[in-house]
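Take a look at the structure set out below.
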Amino acid sequence: MKSSTVETNKHKEVLLEVNDLKVYFDINRKKVAKAVDGVDFSIHKGETVALVGESGSGKSVTSLSVMRLIQMPPGKIVSGSIKLDDKELLSLPEKSMRRVRGNEIGMIFQEPMTSLDPVFTIGNQIIESLVYHQGLSKKSARKQAIELLNIVGIANSEKVIDGYPHQLSGGMRQRVMIAIALSNNPKLLIADEPTTALDVTVQSQILKLMLKMKDTFNSSILLITHDMGVVAETADRVLVMYGGQIVEEAEVKELFLNPNHPYTMALLKTMPNLDQHVRRLPSIKGNVPPAHMFPEGCRFADRCEFAMERCRLVAPELENISDGHKVRCHLPFMKGGEALGQ
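Residue numbers (our numbering): -19 to 322.
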């Protein structure tokens, strides 16, 4: 697990700042899905921030909003602010935003086979980005593309560059996606479940490569994942998301040693422990409620073992409980999950 970065971050510049972001989807005339509902967070320069939670929590919608890739309609960014290096992205004309994508923000998608165009060679897909964003000639761009493939650990890059995505393994395709995402030295790298479709050995290789590339290109990373093991290995700070909201935020070591939200505790309990022999890992009862059916009070109340009547009636606010540690919960918690004040 990485060492504490709270004090360090105080002295770092903020790269990305998201305030009161609300992204809603129209289901029909009467139903609105509040996929992201009042999200606030920041990422410092050189920092890796993990955004974690179950499917349906709003993680991917948050990352796509930063890229301004929400399909409108049915989606709509209702309110909020997204600033990159103090530049407001939500008010940029689309032409200017296209320059930001790939140039200032790179993105690695969950499944590279659906992100890479099957009818174009690997080289064409890297070269296109270099020509568009850097104004290189095709000859210079091809040379740089080969260098990028070498950097991300692809052997025989001079041959691979003329191949097609289907000719590569899943791990190799993900390396190509990393090469494309980093081709223009972006300030921010967004990785949306980058290792989900890969086997454990390749997962480890890809995560190590991402962190190496972050240091090489001096980028920040927003890592979208549901895997707390990946978080422990890679993140400096963690944002736990549930029901379209941030429910806990802390430096990674603090979160693992002192989780304060019942949902975070439940997520950590589902992690396998090599020191314990269990026949079956615990699971969180129930499911994330649909985004058009969030309850009036706490959105986790129906699945929470500590829920009180107040939790079902009054929505809690995200509050600071210690330096850099924020929790959206009516109850304070001690280490180990013992509730106080019940």
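Heads up, the beta-carbon is just placed ideally off N, CA and C, and yes, glycines get one too.
These numbers were taken from a predicted model, which means no experiment stands behind them.
Legend entry - Straight-line gap, V218 to A230 (C-alpha atoms, nearest Å): 6 Å
Legend entry - Segment contact, 8 Å Cβ cut-off, at least three pairs: the region 185 to 193 with the region 206 to 215: yes
Inset, instruction - Counting only the same chain and skipping the five closest in sequence on each side, list residues whose C-beta sits under 7 Å from that of E318. - result: Low confidence applies to E318: its pLDDT is 48, below 50, so where it sits in the model is not reliable, and the reading given next is rough at best. Closer than 7 Å at Cβ, skipping near neighbours: no residue.
Inset, instruction - Return the chain-ordered list of same chain residues with a C-beta closer than 6 Å to the C-beta of P242, the five sequence neighbours on each side being excluded. - result: C284 and F286
Legend entry - Simplified DSSP state of F5, which is helix, strand or coil: Three-state DSSP puts F5 in a strand.
Inset, instruction - Please report how far the alpha carbon of G266 lies from the alpha carbon of Q225, in whole angstroms. - result: 18 Å
Inset, instruction - Closer than 6 Å by C-beta to C278: which residues in its own chain qualify, once you throw out the five before and the five after it? Chain order, please. - result: C291 and P296
Inset, instruction - Run the CB neighbour count on F21, radius 10 Å, all protein chains shown included, and call it buried at 16 or more, exposed below. - result: Buried is the call here.
Legend entry - Assigned secondary structure, R279 (DSSP; H/G/I helix, E/B strand, else coil): coil
Legend entry - Residues near R9 by beta carbon distance below 7 Å, same chain, minus five either side: none
Inset, instruction - Check whether the region -7 to 6 touches the region 56 to 73, counting contact only when three or more Cβ pairs, one atom from each stretch, lie closer than 8 Å. - result: Yes, the region -7 to 6 is in contact with the region 56 to 73.
Inset, instruction - State the start and end residues of the unbroken beta strand (DSSP E) segment that holds L128. - result: Per DSSP, L128 belongs to no beta strand (DSSP E); it is in the alpha helix (DSSP H), K118 to I131.
Inset, instruction - Give the single residue among E276, S45, L162 and L191 whose Cα lies nearest to the Cα of I107. - result: L162
Inset, instruction - Identify the continuous alpha helix (DSSP H) that holds H113 and give its terminal residues. - result: I102 to Q114
Legend entry - Top-ranked residue by Cα proximity to D97, from M47, Q105 and K194: Q105
Legend entry - Validate contact between the region 121 to 131 and the region 165 to 173 using beta carbons, cut 8 Å, 3 pairs: no
Legend entry - Secondary structure of S(-17), DSSP reduced to three states: Residue placement at S(-17) cannot be trusted, given a pLDDT of 45 that sits under 50; what the coordinates show is reported in the next sentence. Three-state result, S(-17): coil.
Inset, instruction - Would you tell me roughly how many angstroms separate the C-alpha atoms of N83 and G115, rounded to the nearest one? - result: Distance between the alpha carbons of N83 and G115 is about 12 Å.
Inset, instruction - Return the CA-CA distance between L235 and D142, expressed in angstroms with no decimal places. - result: 45 Å
Inset, instruction - Out of L1, D6 and K(-8), state which residue places its alpha-carbon closest to the alpha-carbon of H272. - result: D6
Inset, instruction - Find the nearest neighbour of H305 within the set V46, L178, P145 and L237, judged by alpha-carbon distance. - result: L237
Legend entry - DSSP-derived helix/strand/coil call for D216: coil
Inset, instruction - Going by CA-CA distance only, name the one from V182, E173 and P275 that's closest to L31. - result: Relative to the Cα of L31, the nearest Cα in the group V182, E173 and P275 belongs to E173.
Legend entry - L178 burial status per 10 Å Cβ neighbour count (16 or more: buried): buried
Legend entry - Span of the beta strand (DSSP E), counted from its first residue to its last, around G143: Looking at the DSSP string, G143 is not in any beta strand (DSSP E), and its letter there is neither H nor E.
Inset, instruction - Closer than 7 Å by C-beta to A125: which residues in its own chain qualify, once you throw out the five before and the five after it? Chain order, please. - result: G103, I106, I107, L110 and I141
Legend entry - Whole-Å CB distance - K341 paired with V16, under 8 Å assumed: No answer is possible for residue 341: it lies beyond the span of the chain, which begins at -19 and ends at 322.
Inset, instruction - Would you check if the distance between the CB atom of K56 and the CB atom of Y4 is smaller than 7 Å? - result: yes
Inset, instruction - Answer yes or no: do T28 and D303 have a C-beta to C-beta separation smaller than 7 Å? - result: no
Legend entry - Among I85, K11, R79 and E34, nearest to L44 - alpha-carbon criterion: I85
Legend entry - First and last residue of the uninterrupted alpha helix (DSSP H) at G150: G150 to A161
Inset, instruction - In angstroms with no decimal places, state the Cα-to-Cα distance between K233 and V19. - result: It is roughly 23 Å from the alpha-carbon of K233 to the alpha-carbon of V19.
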